[in-house]
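Heads up: take any position in the sequence shown, counting from 1, add 654, and you land on the numbering used here. Take a look at the structure set out below.
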Amino acid sequence: MSNLEKFINGLPKAELHLHLEGSLEPELMFELAKRNNISIPFDSVEAVRAAYKFSNLQEFLDIYYQGAQVLINEQDFYDLTWAYLTRMKADNCKHVEVFFDPQTHTDRGIDFDIVINGINRALEDGKKELGISSFLIMCFLRHLPEEEAFKTLAMATPHLAKVKGVGLDSSEVGHPPSKFANVFKSARDLGLKIVAHAGEEGPPEYIYEALDILQIDRIDHGNRCLEDEKLVARIIEEGLTLTVCPLSNLSLCVVKDLTQHPLKVMLAKGLKATINSDDPAYFGGYLNKNYIETQKAINLTRDELITLAKNSFKGSFLSQQEIDVHCGDIDVYSLG
Ligand code: ADE
Ligand code: ZN
């Protein structure tokens, strides 16, 4: 193990872009399929992993929504979330802001309450037993109509104490942020934080819409902002964080090779980029593996790794006081 790899493993960090449904490992998928008597179109864990070869976002999404069908009861959502948190403990991750896709479940007849209560109970236990703090972000599926997103927001209203923010995910191209202008306005009026996937596959115009219309507090992915210098300057000026996901970008062919990943360029321009895993069970690696593989591919320096870890806290929805404590811990670690 290289010195920088050891350094990454012990570095305190936060994860800001993680879909809980994307942390469903094939082993747990099989266990839940058996527990819930659901048939899945694979014979073995190896066959599932072999099927995880994608040439774009949509190919992945088709498999990801299929996988989520084994999640039925509150305990299933608890087990999914708990497995992710214990995995994050091993990566020395101190804080997570995780997405879930309620419509993937409510559209199959699963109650919103079952989903959120299972997830929330695991997040509470994660704080108590693992010392990992967390916020939950509810995503609207952008391939569905805005009216459906409104129904989801209504279902969430009795649970607002458990939800920090709303996001926008699923098939990007053809479903611009402007399609969801009204529901995001309602979410803002409820005091929720706003994030959106933008510029993963979609053009810079979608990032402008996310800024101007949705009034986002953070950009998920955002890679394609680099095609527009004015947009880059604006993102820097507004101090917005980008939740970049290198192994996801590689798996979904957003980049041809990790050595071509623009993360170093983003940092050099002054963008507040962070490293995240997106859907680790599907893209071959959790948080530290994303740091380690990217470090190796583009020669991230020790200082860049420190910046990335600090950005993960600075870009979080924690209080300034909590952010300062975590960044102080990074300083102590990197000096020690
Ligand atoms: N849902 C889960 N992962 C996603 C991604 N990378 N982009 C859009 N929607 C998603
Ligand atoms: Zn994502």
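Glycine residues also receive a C-beta, built at the ideal position from the N, C-alpha and C atoms.
Query, Result
"Does the distance from the CB of Pro812 to the CB of Leu822 come in under 9 Å?", "no"
"Could you work out which residue in Ile946, Thr735 and Leu925 is closest to Gly772 when comparing CA atoms only?", "Thr735"
"Out of curiosity, what's the CA-to-CA distance linking Ile768 and Thr758?", "13 Å"
"By the 10 Å Cβ neighbour count, where 16 or more other Cβ atoms means buried, how is Asn836 classified, buried or exposed?", "exposed"
"In the DSSP assignment, the alpha helix (DSSP H) including Thr811 goes from what residue to what residue?", "Note, Thr811: premise wrong, no alpha helix (DSSP H); not H, not E."
"Are the CB atoms of Ile870 and Ala852 within a distance shorter than 9 Å?", "yes"
"Would you kindly work out how many angstroms separate the C-alpha atoms of Ala704 and Lys918, rounded to a whole number?", "31 Å"
"Which residues have a Cβ closer than 6 Å to any heavy atom of the ligand ZN, listed in chain order?", "His671, His673, Asp823, His851, Asp874 and Asp932"
"Got a sec: does the ligand ADE put a non-hydrogen atom nearer than 8 Å to the Cβ of Leu734?", "no"
"Using CA coordinates, which residue listed in Glu947, Met809 and Leu814 is at the minimum distance from Leu790?", "Leu814"
"Do Arg689 and Asp745 have their C-beta atoms closer together than 9 Å?", "no"
"Let me know if Gly763 comes out buried or exposed under the rule of 16 or more other beta-carbons within 10 Å of its beta-carbon.", "exposed"
"Can you tell which of Phe838, Gly780, Ile662 and Ala810 has the C-alpha that lies nearest to the C-alpha of Ile770?", "Ala810"
"In whole angstroms, give me the CA-to-CA distance for Glu801 and Pro756.", "14 Å"
"Tell me whether Glu859 sits in a helix, a strand or coil according to DSSP, three-state version.", "helix"
"Given 8 Å as the limit, tell me if Leu901 has its C-beta closer than that to any heavy atom belonging to the ligand ADE.", "no"
"Give every residue of the same chain whose Cβ lies closer than 8 Å to the Cβ of Cys981, excluding the five residues on either side of it in the sequence, and list them in chain order.", "Lys964, Phe967 and Lys968"
"With DSSP collapsed to three states, give me the class of Phe753.", "strand"
"Would the beta-carbon of Asp755 be found less than 8 Å away from any heavy atom of the ligand ADE?", "yes"
"Rounded to the nearest angstrom, what separates Cys793 and Gly664 at their Cα positions?", "31 Å"
"On the criterion of 16 or more Cβ atoms from any shown chain inside 10 Å, does Asp844 qualify as buried, or is it exposed?", "Reading off the sequence shown, one finds Leu at residue 844, where the question assumed Asp. Under this definition Leu844 is an exposed residue."
"Closer than 7 Å by C-beta to His797: which residues in its own chain qualify, once you throw out the five before and the five after it? Chain order, please.", "Ser824, Ser825 and His829"
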